[in-house]
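By the count of the UniProt record's numbering, the sequence shown reaches residue 199 at its end, each step adding exactly one.
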Amino acid sequence: MNLNSRIFDRIRVKREPKAAVQPNQPRCDYPGCSEPGGHRAPMGRLREGQYFSFCLDHVREYNATYNYFNGMSAEDVALYQRDALVGHRPTWSMGSMRGEKGFREDAEPAGPDALGVTSPRSYRRAAAEPSKPRLGLAAVRALDTLGLDATADAAAVKTRFKDLVKRLHPDANSGDRSNEDRLREIIRAYKYLKSVRCG
1 MNLNSRIFDR IRVKREPKAA VQPNQPRCDY PGCSEPGGHR APMGRLREGQ
51 YFSFCLDHVR EYNATYNYFN GMSAEDVALY QRDALVGHRP TWSMGSMRGE
101 KGFREDAEPA GPDALGVTSP RSYRRAAAEP SKPRLGLAAV RALDTLGLDA
151 TADAAAVKTR FKDLVKRLHP DANSGDRSNE DRLREIIRAY KYLKSVRCG
């Protein structure tokens with residue numbers, strides 16, 4: 001592109017005149033400035049929701065030196081930043097262990113609890129009872145294929161699998177392949193249970 005082209009000499013750009021202050025538009029709040037104040041700038045931490053109206057030059061100058069934490073100690077700034085992670089809203093620990101820090105199981109509940117739902121003793125009872133694994137439909141079918149119920153552990157599954165393979169394998173039955181389909185189902189069920197329970 002040739003910037004010395006005669007085409008560029010003919011282009012005229014109309015300059016906008018400086019905007020005059022409209023009757024409903026505020027003037028710049030900077031001392032001694034009579035420009036229109038079309039740009040808002042926050043007044044500070046202790047005056048939330050209040051703004052100065054500045055012209056473009058003065059709002060740039062103001063923003064370059066603005067410090068929200070001005071007048072706060074380092075500890076107060078750190079506390080503010082930590083509270084900002086949750087939007088300065090109160091939070092509560094959840095779960096039976098409740099973060100473990102400062103939690104006492106022998107402490108009495110804060111309020112009356114007729115059902116014992118929120119008392120620390122109910123947490124202790126829930127922790128003492130072993131949790132039963134939740135099984136999906138495929139796991140229940142695989143256990144049924146092996147002839148086991150939902151309470152069977154990994155060792156019982158492995159023992160049952162070995163027993164069935166020894167009984168149904170063609171080598172153990174003089175080459176009889178009539179149980180081959182059943183053996184495939186058992187192997188497939190065992191592999192699935194191994195991947196779900198032991199994996």
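All C-beta atoms in this analysis are idealised placements derived from N, C-alpha and C, irrespective of residue type, glycine included. Computed from a prediction, not measured in an experiment: that's the story for all the values here.
Within 7 Å, strictly: CB atoms of residue i and residue j
| i | j | result |
| --- | --- | --- |
| Pro36 | Gln25 | yes |
| Ala150 | Leu135 | yes |
| Ser53 | Asp29 | yes |
| Arg45 | Tyr68 | yes |
| Asn179 | Leu168 | yes |
CA-to-CA distance, residue j to residue i, given in whole angstroms
| i | j | result |
| --- | --- | --- |
| Ala84 | Glu75 | 14 Å |
| Gly32 | Ala78 | 38 Å |
| Ile186 | Arg197 | 16 Å |
| Arg82 | Pro90 | 12 Å |
| Gly147 | Arg182 | 12 Å |
| Ala155 | Arg188 | 17 Å |
| Lys14 | Ile7 | 17 Å |
| Phe161 | Tyr192 | 12 Å |
| Glu105 | Trp92 | Note that Glu105 has pLDDT 49, beneath the 50 cutoff, so the model's placement of it is unreliable and the number below is only indicative. Whole-angstrom Cα-Cα distance: 17 Å. |
| Gly199 | Tyr190 | The pLDDT assigned to Gly199 is 43, lower than 50, so where the model puts this residue is not dependable; a value taken from the coordinates is nonetheless given after this. Approximately 12 Å, taken between the alpha carbons. |
| Val59 | Tyr80 | 26 Å |
| Thr159 | Leu137 | 22 Å |
| Asn173 | Lys166 | 9 Å |
| Thr65 | Met43 | 12 Å |
| Ser195 | Arg184 | 17 Å |
| Ser34 | Cys55 | 9 Å |
| Arg27 | Tyr62 | 16 Å |
| Arg141 | His88 | 50 Å |
| Met72 | Arg47 | 15 Å |
| Asn70 | Asp57 | 23 Å |
| Val157 | Pro170 | 21 Å |
Run of the alpha helix (DSSP H) containing residue i, from where it starts to where it stops
| i | result |
| --- | --- |
| His58 | 56-65 |
| Phe161 | 154-168 |
| Leu146 | 137-146 |
| Ala189 | 180-193 |
Beta strand (DSSP E) segment containing residue i, residue limits
| i | result |
| --- | --- |
| Arg82 | Where Arg82 is concerned, there is no enclosing beta strand (DSSP E), although the alpha helix (DSSP H) it sits in stretches over 74-84. |
For residue i, the residue or residues it bridges with in DSSP
| i | result |
| --- | --- |
| Pro42 | Tyr51 |
| Gly27 | Sequence inspection shows Arg at residue 27; the Gly mentioned does not correspond to that position. DSSP, once it has assigned bridges, lists Pro36 as partnering Arg27. |
Residue i beta carbon near the ligand FAD (any heavy atom closer than 6 Å)
| i | result |
| --- | --- |
| Gly49 | Because no ligand of any kind appears in the structure shown, any question about the ligand FAD cannot be addressed here. |
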